[in-house]
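Protein sequences appear in the order of chains A and B. When we follow my numbering, the leftmost residue of the first sequence carries the number 1, and every step to the right adds one. When we follow my numbering, the leftmost residue of the second sequence carries the number 189, and every step to the right adds one. No residue lacks a Cβ here, since even glycine has one placed at the ideal position from N, Cα and C. Reviewing the structure listed below.
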Amino acid sequence: MNSSWKSPNSSASVAEIDFITALGRLLRDGRLRGAFAANPQAIAEQIQLGRRDWPAFSQLVPEELEFQARVLLRKRLELVRQLLPETGRRLGENLWPYFHEYARACWPAEPRAALQDAFQFCRHLKQQQPQWVSQSEWNRLCFALSDAHLSIHCLMREIIRGKLQPQLQIFYRGRSKRWREFVVCFRF
Amino acid sequence: MMIGLGYRRELAAWIDSKPRDVDCLEITAEHFFHGGEEHLTQLAKKFPLFVHGLGLSLGTPGPLDRQRLEQFARVVRLANPEWISDHIAFTRTAEVDLGHLNPVPPTREILSVIADHAREVSERCGKPMLLENITSHIQLTGDLSETDFLNQLCERANCGLLLDVTNLFINSRNHGFDALKWLHEIEPRHIRQLHIVGYSRAGERYTDSHSQPIQEELIELARAVVNHAPVQAIILERDEDLPATDELELEIAKLKRIRGGN
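Next comes the structure, spelled out in structure tokens:
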């Protein structure tokens, strides 16, 4: 439903966006929501919202937008958590604050949005607290997002407190593009 | 009136035993987009089914996502449901997939978008379509009231309303309106199916985490809907913190009492 209109101050044709697209932008971008709270009209102009949608756009309540955006972030976190169970366990109560900090202003691109999201979140964590990221989960994400046919990693895994066990983590991708993971444990 | 529940994989063993009080099942189309054909066919032999979508994004202006529509139609073909449904909402825009349901403004323009999409889905699948109200933390305004919007949408799309009693209750609490007054503004003949599950609270806000037992206020509201409209099915929509099956049976018993008028 995007259309074109002539800006009164310009002869250039400018692409207008519709209300749904504008609302989507606000919900996915925490920085834009912050700017909207300060000056809705300026944001309507900046994102080139069609003039007839300005009244409805200006009536959006920042607190309500923030709550709805949190609902969306929680849904994203549910998907990421399934891909990162060990990392989530290590983070414990810090999972949501760290995820919120990372996710508030960025949105994963399709395809494979959940994988991308988990990968970017791990990268964000690695810059701050690398010990919270499970190495085996990181290896899995890197392989899943790659086109590689084979990848082998050595891991030291804590089986009981203070006791480490060496493991080989092997990923293999066949011609069908489906991949499998094998773990070889060594006992001494 | 049939009483059933939303099918979840965790409940497969119990459902396969064909519990006596479960009259019907609602399956989520997206759960069968990438397999499960055989199981779906088996379920269709045991229960009347309804196919419920989460991501057709009927409120997004522009064409429907063809791939999703074809995946949805494939599930419908396998399940052969009594009817199909999705939400009065958008989950994606031309720019981004937001991954969850978001509200649409009650405007004539959006009414036209959703009605056209609903008709297209219904025609593609060869099944009647119901549209469901969502929980919204944003209160959007338009050139129609919400109830006028819903009545006109059902007329124009030639579809029914899947009234989520919990969502109505939550919205009425969060946005300060009278749920019963709202209900009586809806044409009774439009309301064909109900969803219900307990609400949650986060501070002052009511939320739909789909994780709680049904509270008494919701039973009362559901009873009011059943007295107002020719409801054909009530579906318990529990997704999170699934309880033991004996607790689910108690929840279904609560719904049976609505049917019985107690």
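According to a CB-to-CB cut-off of less than 8 angstroms, which residues of the stretch 245–263 of chain B neighbour chain A? Gly247, Thr248, Pro249, Gly250
Beta carbon proximity, Asp18(A) to chain B, threshold 7 angstroms: yes
For Glu334(B) versus Pro293(B), is the C-beta spacing smaller than 7 angstroms? no
Please list, in chain order, all residues of the same chain as Pro8(A) whose beta carbon is under 6 angstroms from its beta carbon, the five residues on each side excluded. Note on Pro8(A): pLDDT 38, under 50, position unreliable in the model; the coordinate value appears next. Excluding sequence neighbours, Pro8(A) sits near nothing in its chain.
Within 7 angstroms of chain B by C-beta, residues of the stretch 75–96 of chain A in sequence order: Lys75, Arg76
Quick one, which residues of the stretch 315–334 of chain B are near chain A if we go by CB-CB under 8 angstroms, in chain order? Ser324, His325, Ile326, Gln327, Leu328, Thr329, Gly330
Should Met156(A) be labelled buried (16 or more other beta-carbon atoms within 10 Å of its own) or exposed? exposed
So who's on the other strand from Thr453(B), going by DSSP bridges? Nothing about residue 453(B) can be read from this structure; chain B reaches only from 189 to 450.
Run through the DSSP bridge pairs and tell me what Val184(A) is partnered with. Leu168(A)
Taking the alpha-carbon positions, what's the Glu283(B) to Leu83(A) distance? 25 angstroms
Any idea if Ile160(A) is buried or exposed, counting beta-carbon neighbours within 10 angstroms, 16 or more meaning buried? exposed
Apart from the five residues on each side of it in sequence, which residues of its chain come closer than 6 angstroms, Cβ to Cβ, to Glu86(A)? Ser134, Glu137
Taking the alpha carbon of Ile446(B) as the point to measure from, which residue in Leu382(B), Thr395(B), Glu392(B) has its own alpha carbon closest? Leu382(B)
Would you mind working out which of Leu73(A), Cys154(A), His124(A) sits nearest Leu26(A), comparing C-alpha positions? Leu73(A)
Is it true that the CB of Ile358(B) sits closer than 7 angstroms to the CB of Thr329(B)? no
By the three-class DSSP mapping on this structure, what secondary structure does Asn139(A) have? helix
Ser397(B) vs Glu428(B) beta-carbon contact at 7 angstroms: yes
Just the Cα atoms here: how many angstroms apart are Asn346(B) and Arg307(B)? 7 angstroms
Taking C-beta pairs closer than 7 angstroms, name the residues in chain B that Trp107(A) reaches, listed in chain order. Val284
Can you check which of these residues, Leu141(A), His153(A), Gln116(A), Arg51(A), is closest to Gln167(A) by C-alpha distance? His153(A)
How many Å lie between Pro376(B) and Pro418(B) at the Cα? 7 angstroms
What in chain A is Cβ-close to Val413(B), meaning under 8 angstroms? Residues of chain A passing the Cβ test: none, with the nearest at roughly 25 angstroms.
Could you check whether the Cβ of Glu198(B) sits closer than 7 angstroms to any Cβ belonging to chain A? no
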